[in-house]
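Heads up: the sequence shown begins at 9 in this note's numbering, then just goes up one per residue.
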Amino acid sequence: MRPFGEITELAAERAGGIDRLEDSLLKSRASSPTEIAAIPDDRILSEMSRRVFHAGFSWKVVDAKWEAFEVGFFGFDPNACAAMSEETFDALLKNKAIIRNGAKVRSVALNARFVLDLAATHGSASRAFADWPDTDYLGLLNLLKKRASRLGGQAAMRFLRSIGKSSFITTGGGVAALIREGVLDKAPSGVRDLQAIQDAFGDWQSESGRDFTAISRILAMSVAGADAGEPGPSSVYITPSLTQRQRETPGLGGRQDAGAQADSTLAPQAGG
């Protein structure tokens, strides 16, 4: 495992210079705990749900339908989603404006209850994620795997990246770089491999002063076909709340009752 300064030099060379590398990192930087804690919990649930629906489906299709998801799931209000009735669930499965996967639709209600549980303990779910030590990334992944619904593995990693949490993602160029550096001998497949990655990231963080997100992206960009599989700036976003978009977009309309909301269709808009 070489010093991280050398890996950064390799990434800068592939990026076209250190300034271009730093500019790319700035556009997808990790957020501060204060910034994460300021995210409303309906946006936390929205991003959890987006990553759940991304898994196994075309991201472009999911994102194009996300406006309809926001309407169908009450703007991802945790209290409303946690109390989802069977009638609303059935209506969502008939709603052609969203992706009608029963297990994933059900996961929204389950994750809403998880968000409410975090809020009851920490004041808000966003505060719980903000306060979690960056050095215990695996502990946070384990929390999501055990207590959330369908948020294991890369879905959890991508969710954490989307809300600005310092994170690594085990895919594409980043994994190739970890194998090149001797941290792994193959694609990660279990807790031991993830622990080896976290340990290596901890060493590189101590050396470079960079957070896990920056380290993850530099590793990916140090490999030919830079950033392959590593979410860049266009993948890091928080969708504005439904009520915020209603204020900003004439004609978007107000909140509807559960049954009507589940059957609503809006013109698809690309997320992010």
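Yeah, the Cβ is synthetic: ideal placement off N, Cα and C, and Gly gets one too.
Bear in mind that the values here come from a model prediction, so they are computed numbers and not experimental data.
When DSSP states are grouped into helix, strand and coil, asparagine 150 belongs to the helix group.
Taking a C-beta distance under 9 Å as the contact criterion, valine 231 and alanine 184 qualify as a contact pair.
In the assembly as shown, lysine 35 is an exposed residue. Its beta-carbon has fewer than 16 other beta-carbons within 10 Å. The C-beta of lysine 173 has 16 or more other C-beta atoms within 10 Å across all chains shown, which makes the residue buried. When DSSP states are grouped into helix, strand and coil, valine 113 belongs to the helix group. In the same chain as leucine 168, and ignoring 5 residues on each side of it, the C-beta atoms closer than 6 Å to its own belong to Ser175, in chain order. By the Cβ-count criterion, arginine 200 is exposed, with fewer than 16 other Cβ atoms from all chains shown falling within 10 Å of its own Cβ.
By the criterion of at least three beta-carbon pairs nearer than 8 Å, the region 84 to 98 is not in contact with the region 23 to 39. Excluding residues up to 5 positions away in sequence, nothing lies with its Cβ nearer than 6 Å to the Cβ of isoleucine 187 in the same chain. The straight-line gap separating the alpha-carbon atoms of proline 41 and asparagine 109 is approximately 34 Å. In chain order, Gly172 place their CB closer than 7 Å to the CB of glutamate 43, counting only its own chain and leaving out the 5 sequence neighbours on each side. If you look at threonine 178, you'll find it isn't in any alpha helix (DSSP H); DSSP assigns it neither H nor E. Residue range 199 to 216 is occupied by the alpha helix (DSSP H) that includes serine 216.
Short of 6 Å from the beta carbon of alanine 222, and not among the five residues preceding or following it, lie these beta carbons of its own chain, in chain order: Leu33.
In the three-state DSSP reduction, alanine 163 falls in the helix class (H, G or I). Shown here, asparagine 119 sits in a helix according to DSSP, grouped into three states. Collapsing the DSSP output to three states places proline 248 in coil.
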